[in-house]
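Note sheet for the following structure.
Residue numbers (the working numbering), protein chains in the order written: chain A, 3 to 286; chain B, 3 to 286.
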């Protein structure tokens, strides 16, 4: 198969599979998710993504009806059924199926497991991203990877309308993250990034980007930065589990970053090499 | 039938109906809803609820693929298929079915219409509500009746755990609304309520509660009030389209309101009488 959708053990194409009308995701967006790339049948950083899913679920009181090992086995099994070399493995857990009522259903209502695997074409990381911006009006559960993603939908749509690749969220002057990525800047040899708190997702790709920076002797300061800091940065980095580590050359229609191309290439090479090694492949 | 679920023209019981895995509600909570009571086959304030649905949809860029008259005809048809005297009519529109991608799908992807009708038992409005509280960490799209309801789910669960009927949201000291109701207070003969802005839903039941107050000579001030104002209020009113107009006698485990029982009864009688007249029935 080329594309797979999975719901509580049922497998079909994403177009053909159906789910219950009363799954709580349908009325409340009541669930959490995670996603990562896979190549050569190997799901990248699976332990970290599964840990984050359980953490997200725990923060909003969803009990996942599998052990982590059981979930990993299910994910590996589903991925083994697709033929593509590169995939995006998406998985989510929703708070069960029950008549619509805001409060949690009883403990006898198990959470539902959803998985989707789609072929992945990696972007050309040497091509810079164009960024636009939007006031960050999201809730203060941004550290939880929930399915309440309407503000990110609106921000992604703004990027599309503005002819950009991503939208930078800011609360007033403070940059938080992007519609579906983290954003960090390099200034005078130091990486700055918003600290991990309720305003941003604790990015796994961001963390591996920092590991690469540290190996290259570039220190990372978990200090929030402003829109003007971004405009005046030496480099602007956009990181996510599906796009690893990209850099930007445009913000709100004006040039940004691109002062240290060798540094960008060294970081990107290190990030991508870690992926290749992990998955046991030679190239994307 | 006693309970009906409807999805783009398909009708079944809520337990049996299924929906596409790729409906955008499943990944983003990408939709808006509305709901109202019906008795005797008459959907209460249908025009206002349909207007609000279209307004909510417009605020987040969802195009509803029906005229308002067409939607009302569909809702009336679905309600006519149930036998119960009293129902809750729930309807929502989601941003189409398409491969998961944050930005909007193309204009060729129509929005999906969901309807659910369930029997309604009205609460005894002479019984006061017990209220608990929770910091309001929701996004700043609370004026839009979206399906991103996770904070309301968590707040409703807190009410359940605390043995209460509703949870009052507050941003710091300022009271906004409840998990799924508006809240207003009476103090020295004046009703105070949070103004309609991005922090609260513009409640239709709240508005008809105000109309009843005005008819009784009680002025309404759209002025935000604090937690202490609520604690010291003469009365605390909780309004919603499914519960009309209730009052509270307990907040955070301590007595509250209940200083003017005749006023409460007069307002409730007026609110309920409007419903009875509208639906052409003699009693709930």
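All C-beta atoms, glycine included, are put in the ideal place defined by N, C-alpha and C.
Since the model is a prediction, treat every value here as computed from it, not as a measurement.
Handout entry: Closer than 9 Å at the beta carbon, the chain B residues around residue 159 (chain A)
Key = Translated into positions along the first chain, residue 159 (chain A) becomes position 157. 63, 104, 105 and 106, listed in chain order.
Exercise for the section: Spatial neighbours of residue 91 (chain B) within its chain, please: CB distance less than 7 Å, with the 5 preceding and 5 following residues excluded, ordered by chain position. Expected result: Residue 91 (chain B) sits at position 89 when you count from the first residue of the second chain. 37, 38, 40, 45, 77, 81 and 119.
Handout entry: Cβ contact check for the segment 113-131 of chain B and the segment 116-133 of chain A: 3 or more pairs under 8 Å
Key = By the Cβ test, the segment 113-131 of chain B is not in contact with the segment 116-133 of chain A, since fewer than three Cβ pairs between them sit closer than 8 Å.
Handout entry: Closest residue to residue 171 (chain A) among A:235, A:213, A:137 and A:23 (Cα-Cα distance)
Key = Here residue 171 (chain A) refers to the residue found at position 169 when the first chain is read from its first residue. Of A:235, A:213, A:137 and A:23, the residue nearest in Cα terms is A:137.
Practice task
Return the residues of the segment 144-157 of chain A that lie within a Cβ-Cβ distance of less than 7 Å from chain B, sorted by chain order.
Solution key: Near chain B, meaning a CB-to-CB distance below 7 Å, the residues of the segment 144-157 of chain A are 148, 149, 150, 151, 152, 153, 154, 155 and 156.
Exercise for the section: Could you tell me which residues DSSP pairs with residue 115 (chain B) in its beta bridges? Expected result: Here the question's residue 115 (chain B) lines up with position 113 in the second chain. B:95.
Problem - As assigned by DSSP and simplified to three states, the class of residue 26 (chain B) - result: On the second chain, residue 26 (chain B) is found 24 positions in, with the first residue counted as 1. Coil.
Exercise for the section: Check the Cβ-Cβ distances between residue 136 (chain A) and every residue of chain B, and say whether any is below 9 Å. Expected result: Counted from its first residue, the first chain places residue 136 (chain A) at position 134. Cβ-Cβ to chain B under 9 Å: no for residue 136 (chain A).
Practice task
Using only alpha-carbon positions, find the residue among A:168, A:57 and A:84 that is nearest to residue 3 (chain A).
Solution key: The residue given as residue 3 (chain A) occupies position 1 in the first chain. The residue with the shortest Cα to Cα distance from residue 3 (chain A) is A:84.
Exercise for the section: Could you spell out the range, first to last residue, of the beta strand (DSSP E) harbouring residue 180 (chain A)? Expected result: Counted from its first residue, the first chain places residue 180 (chain A) at position 178. From DSSP, the beta strand (DSSP E) with residue 180 (chain A) extends over 176-180.
Practice task
Could you confirm whether any beta carbon from chain B is found closer than 9 Å to the beta carbon of residue 235 (chain A)?
Solution key: For this step, residue 235 (chain A) is matched to residue 233 along the first chain. So, not an interface residue.
Exercise for the section: Report yes or no: do the segment 6-14 of chain B and the segment 229-241 of chain A share at least 3 C-beta pairs separated by less than 8 Å? Expected result: Note that the segment 6-14 of chain B does not touch the segment 229-241 of chain A; fewer than 3 beta-carbon pairs, one per stretch, sit closer than 8 Å.
Handout entry: Proximity winner among A:196, A:103, A:105 and A:114, relative to residue 97 (chain A) (alpha-carbon distances)
Key = Looking up residue 97 (chain A) in the first chain gives position 95. Cα-wise, what sits closest to residue 97 (chain A) is A:114.
Handout entry: Per-residue DSSP class, three states only, for residue 66 (chain A)
Key = Along the first chain, one-based indexing puts residue 66 (chain A) at 64. Residue state, collapsed to three classes: coil.
Exercise for the section: Determine, using beta carbons only, whether residue 150 (chain B) and residue 207 (chain B) come nearer to each other than 9 Å. Expected result: One-based indexing of the second chain puts residue 150 (chain B) at position 148. One-based indexing of the second chain puts residue 207 (chain B) at position 205. No, Cβ-Cβ distance for residue 150 (chain B) and residue 207 (chain B) is not below 9 Å.
Problem - the segment 97-111 of chain B / the segment 19-26 of chain B touching (three or more Cβ pairs under 8 Å) - result: yes
Exercise for the section: Consider the Cβ of residue 240 (chain B): report whether some Cβ of chain A lies at a distance smaller than 9 Å. Expected result: On the second chain, position 238 is the one that residue 240 (chain B) refers to. Between residue 240 (chain B) and chain A, the shortest Cβ-Cβ separation is not below 9 Å.
Practice task
Could you run through the segment 16-37 of chain B and flag, in chain order, every residue whose CB is less than 9 Å away from some CB of chain A?
Solution key: 16, 17, 18, 19, 20, 21, 22, 23, 24, 25, 26, 27, 28, 29, 30, 31, 32, 33 and 35
Practice task
Helix, strand or coil for residue 215 (chain A), going by three-state DSSP, please let me know.
Solution key: Stepping through the first chain from its first residue, residue 215 (chain A) is reached at position 213. Residue 215 (chain A) falls in the helix class under three-state DSSP.
Practice task
Assign residue 177 (chain A) to one of two classes, buried (16 or more other C-beta atoms within 10 Å of its C-beta) or exposed (fewer than that).
Solution key: As a working mapping, residue 177 (chain A) is identified with position 175 in the first chain. Label assigned to residue 177 (chain A): buried.
Handout entry: Which of helix, strand or coil DSSP assigns to residue 13 (chain B)
Key = The residue you call residue 13 (chain B) lines up with position 11 of the second chain. Correct three-state label for residue 13 (chain B): strand.
Handout entry: Rounded C-alpha distance that separates residue 148 (chain A) from residue 271 (chain B)
Key = Position 146 of the first chain, counted from the first residue, corresponds to residue 148 (chain A). Position 269 of the second chain, counted from the first residue, corresponds to residue 271 (chain B). Cα to Cα, the separation comes out at about 42 Å.
Problem - Cut-off 7 Å between Cβ atoms - residues of its own chain near residue 215 (chain B), not counting five sequence neighbours on either side - result: As a working note, residue 215 (chain B) is residue 213 in the second chain. Closer than 7 Å at the Cβ level, and outside the excluded window around residue 215 (chain B), lie 193, 222 and 269.
Handout entry: For residue 286 (chain A) and residue 274 (chain A), the rounded distance between their alpha carbons
Key = Here residue 274 (chain A) corresponds to residue number 272 of the first chain, with the count starting at 1. Here residue 286 (chain A) corresponds to residue number 284 of the first chain, with the count starting at 1. Cα-Cα distance, rounded: 8 Å.
Exercise for the section: Determine whether the Cβ of residue 56 (chain B) lies closer than 9 Å to any Cβ atom of chain A. Expected result: One-based indexing of the second chain puts residue 56 (chain B) at position 54. For residue 56 (chain B), the answer is no, since every Cβ of chain A falls outside 9 Å of its Cβ.
Handout entry: Bounding residues of the beta strand (DSSP E) (the contiguous stretch that carries residue 37 (chain B))
Key = Residue mapping note: residue 37 (chain B) aligns to position 35 of the second chain, counting from 1. Note, residue 37 (chain B): beta strand (DSSP E), 33-41.
Problem - Per-residue DSSP class, three states only, for residue 267 (chain A) - result: Counting from 1 along the first chain, the entry for residue 267 (chain A) is found at position 265. Correct three-state label for residue 267 (chain A): helix.
Practice task
Alpha carbon to alpha carbon, how far is residue 264 (chain B) from residue 64 (chain B)? Give it in angstroms, no decimals.
Solution key: In the second chain, the residue the question calls residue 64 (chain B) occupies position 62. In the second chain, the residue the question calls residue 264 (chain B) occupies position 262. Straight-line Cα distance between these residues: approximately 45 Å.
Problem - C-alpha gap between residue 277 (chain A) and residue 174 (chain A), whole angstroms - result: Your numbering for residue 277 (chain A) matches position 275 in the first chain. Your numbering for residue 174 (chain A) matches position 172 in the first chain. So the two alpha carbons sit approximately 36 Å from each other.
Practice task
Within 10 angstroms of the Cβ of residue 15 (chain A), are there 16 or more other Cβ atoms? Answer buried if so, exposed if not.
Solution key: As a first step, residue 15 (chain A) must be located in the first chain, where it is residue number 13. Its Cβ having fewer than 16 others within 10 Å, residue 15 (chain A) is exposed.
Exercise for the section: Taking only the alpha-carbon atoms, compute the straight-line gap between residue 117 (chain B) and residue 220 (chain B) and give it to the nearest angstrom. Expected result: As a first step, residue 117 (chain B) must be located in the second chain, where it is residue number 115. As a first step, residue 220 (chain B) must be located in the second chain, where it is residue number 218. Each residue's alpha carbon lies about 37 Å from the other.
Practice task
Since I believe residue 168 (chain B) is in contact with residue 1 (chain B) (beta carbons under 8 Å), could you give me their beta-carbon distance rounded to a whole number of angstroms?
Solution key: Since the first and last residues shown for chain B are 3 and 286, residue 1 (chain B) lies out of range.
Practice task
Leaving out five residues on either side along the sequence, give the residues of the same chain with a beta carbon under 8 Å from the beta carbon of residue 262 (chain A).
Solution key: On the first chain, position 260 is the one that residue 262 (chain A) refers to. Result list for residue 262 (chain A): 188, 236 and 237, in chain order.
Problem - Cutoff 9 Å: residue 132 (chain B) Cβ touching any chain A Cβ - result: As a working mapping, residue 132 (chain B) is identified with position 130 in the second chain. Not one chain A Cβ lies under 9 Å of residue 132 (chain B).
Practice task
Could you pull out every unbroken beta strand (DSSP E) segment of at least 3 residues lying fully inside the segment 126-151 of chain B, listed in chain order?
Solution key: 131-137
Practice task
Kindly say whether residue 141 (chain B), judged by its beta-carbon, lies nearer than 9 Å to any beta-carbon of chain A.
Solution key: To locate residue 141 (chain B), count along the second chain from 1; it is residue 139. So yes, residue 141 (chain B) belongs to the interface.
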